[in-house]
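In our numbering, the protein residues as written are 232 to 571. Glycine included, every Cβ here is placed at the ideal spot set by N, Cα and C. Keep in mind the model is a prediction, meaning the values are calculated, not measured. One structure is given here, and the rest of the page talks about it.
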């Protein structure tokens with residue numbers, strides 16, 4: 232029936248569709264988990280256990296053997312993305328109450344939604360774009376972008392912005408599954424291969440559990456605002472990342488555009504942060520819906536903008552192709568003169 236191939240045509244489909252189905256179940260049959268109990272209830276409500284396994288597997292899939300150039304490129308992109316999110320969070324906190332906006336067009340908008348949407352890069356999409364429009368080193372920058380997955384970096388960003396304070400045990404606990412997986416994956420390549428296979432498999436399960444915390448009323452109320460948030464992620468983080476890529480990472484800006492997106496994993500962040508810090512609980516449902524919309528918007532537009540940038544300024548631009556042709560010509564051995 233080619234169900235999976237059709238789902239894959241949807242931007243972030245393996246994340247968005249199960250999230251939508253979970254929201255359907257929670258909206259029209261909210262007590263399903265309690266009614267069936269046992270494993271069914273665990274599947275519906277087990278966001279944190281499923282995510283902890285997912286973070287562990289992501290850690291196991293990352294290789295420590297990265298060249299200094301790859302680390303420089305990925306370090307610049309990750310650091311600038313986090314600092315941009317923190318800066319926007321600080322600015323937003325001057326105008327937005329801690330529990331979020333409660334009336335008007337911006338109903339549901341919160342500092343948590345802004346930071347969660349801007350903080351996490353869609354690493355899989357970035358790697359695919361760089362394989363087509365970038366260099367091997369730019370594609371390898373995916374290795375550090377995996378650190379952005381999950382709540383740890385958002386917690387760090389909230390702390391950096393002075394918007395929340397988390398106990399050190401909580402910060403370590405959010406990162407520990409990732410670190411244990413990272414250690415095992417680098418001690419034994421077979422472990423890396425074994426656990427790495429589970430990374431995409433876990434996505435629809437935690438997405439479905441997350442959807443069971445959403446209600447369609449919240450999604451409908453934040454739909455247009457979510458589009459605006461997604462466009463803001465591309466415009467704001469895209470600008471800072473392009474500048475950083477050109478000036479600090481010595482690239483041509485293509486990697487910066489490719490990293491201007493919201494990761495599907497960012498949808499998991501608001502409810503997890505709310506479970507750790509109850510003061511964020513009122514804004515978490517709307518923040519989750521906003522971030523989910525931002526995932527779709529950036530998944531659609533970031534590839535288009537990256538391709539355009541690559542044709543104007545990157546590896547597909549006339550200037551770059553001419554330089555490559557000249558380099559190859561200079562590298563050719565001189566041809567002997569024909570005998571007279």
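If the five residues before and after residue 502 are omitted, its C-beta is found closer than 7 Å to the C-beta atoms of 278, 441, 444, 515 and 519, all from its own chain and listed in chain order. Bounds of any alpha helix (DSSP H) do not take in residue 508, whose DSSP letter is neither H nor E.
Within the same chain, and ignoring the five residues on either side of residue 485 in sequence, the residues whose Cβ sits closer than 6 Å to its Cβ are 364, 365, 540, 541 and 545. Inclusion of residue 285 and residue 500 in the CB contact set at 8 Å is not warranted, their separation being larger than that value.
Residue 239 sits in a helix when the DSSP states are folded into three classes.
For the 8 Å CB-CB criterion, residue 292 and residue 427 form a contact. Minimum Cα-Cα distance from residue 461 among the listed residues 437, 420 and 523 corresponds to 523. Within the model, the alpha-carbon separation for residue 361 versus residue 369 is close to 6 Å.
Judged by beta-carbon spacing, residue 530 lies beyond the 8 Å limit of residue 457, meaning their Cβ atoms are not closer than that value. Residue 342 places its beta carbon less than 8 Å from that of residue 323. For the stretch 408–464, the continuous alpha helix (DSSP H) assignments of 4+ residues that do not extend past its boundaries occur at 420–427, 429–442 and 447–463, in sequence order. Here residue 266 is exposed: its Cβ has fewer than 16 other Cβ atoms, across all protein chains shown, within 10 Å. In this structure, DSSP gives residue 259 a helical state, which the three-state scheme calls helix. Taking C-beta atoms as the reference points, residue 453 and residue 320 fail to come closer than 8 Å.
Distance from the CA of residue 471 to the CA of residue 260, rounded to the nearest whole angstrom, comes to 44 Å. When only Cα atoms are considered, residue 420 and residue 459 end up about 43 Å apart.
Residue environment analysis places residue 553 among the exposed positions, since fewer than 16 neighbouring C-beta atoms fall within 10 angstroms of its C-beta. Residue 476 sits in a helix when the DSSP states are folded into three classes.
Inter-residue distance for residue 303 and residue 537 is about 21 Å (C-alpha atoms, whole angstroms).
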